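For this note's numbering, add 25 to where a residue sits in the sequence shown, where the first one is 1.
Glycine included, C-beta positions come from ideal geometry on N, C-alpha and C.
Fair warning: this is a prediction, and the values are worked out from it, not measured in the lab.
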Amino acid sequence: RDRKGRTTKIGTLLVRRGFLSKDEAKRLLKIQRHDGPIDGYRLLEHLGTGGMGAVFRALRKSTGDEVALKILPPSATRNKRFRARFLREAQVSARLEHPNLVRACDQGESDEHLYMAMELVDGPTAREVTKRVGALPEDEVLAYFRQLLEGMQHYWGARILHRDTKPENAAARPG
26 RDRKGRTTKI GTLLVRRGFL SKDEAKRLLK IQRHDGPIDG YRLLEHLGTG GMGAVFRALR
86 KSTGDEVALK ILPPSATRNK RFRARFLREA QVSARLEHPN LVRACDQGES DEHLYMAMEL
146 VDGPTAREVT KRVGALPEDE VLAYFRQLLE GMQHYWGARI LHRDTKPENA AARPG
């Protein structure tokens, strides 16, 4: 769905957000008829778009598992700086294990797109919860922050600076 809640084809959405040209979208639509632009994955739903790419709920065909599939657009894939940053993020995400961090389970390049498959965390983000219910009780906010800080401490222990901490990237899990 787009920002106004309308159902939108993935290719159209990626053109609107500047991740694909119209020609790339046409190729994508042809490929989508054969399950998607990334070999081995079927795109199910657009989850979000950020500075490093678009994220989709996807089916990993080899295992039948649903994953969060982050796809870097071809223009960014060709940029050496973005490419290196994306690959480092994938390597770090695969290496670190912590209950408050999402782990990568696959990475690669397919049809001029770099991609990273990650654990899919089902449920609302912190942003969605606060939009739906408004301000949360102080003890609940503190519980969420504790989880966030424990995850960030784990990154810091590995000498890594996480550059994309925001409510849209945080699953809202009480406790």
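| Query | Result |
| --- | --- |
| Exposed unless 16 or more other CB atoms sit within 10 angstroms - verdict on residue 162 | exposed |
| C-beta contact flag for residue 122 and residue 128 at 8 Å | yes |
| Simplified DSSP state of residue 81, which is helix, strand or coil | strand |
| Same chain, Cβ closer than 6 Å to residue 190, five either side skipped, listed in chain order | none |
| Three-state secondary structure assigned by DSSP to residue 161 | coil |
| Residue 45 versus residue 78: straight-line alpha-carbon distance, rounded | 11 Å |
| Alpha helix (DSSP H) runs wholly inside the region 73 to 141, at least 4 long, in chain order | 99 to 102, 105 to 120 |
| Residue nearest to residue 74 in terms of C-alpha spacing, selected from 186, 98, 175, 154 | 98 |
| Cα-Cα separation, residue 59 to residue 184 | The predicted position of residue 59 is uncertain, since its pLDDT is 40 and thus under 50; a value taken from the coordinates is nonetheless stated next. Each residue's alpha carbon lies about 41 Å from the other. |
| Beta-ladder partner(s) of residue 45, from DSSP | Answer is none; residue 45 lacks a bridge partner. |
| Residues of its chain near residue 119, where Cβ-Cβ distance is below 8 Å and the 5 sequence neighbours each way are ignored | 128, 129, 130, 132 |
| Distance between residue 64 and residue 160 (C-alpha atoms, nearest Å) | 42 Å |
| Cβ neighbour criterion (16 or more within 10 Å) applied to residue 186 | exposed |
| Residue 69 in three-state terms, based on DSSP | strand |
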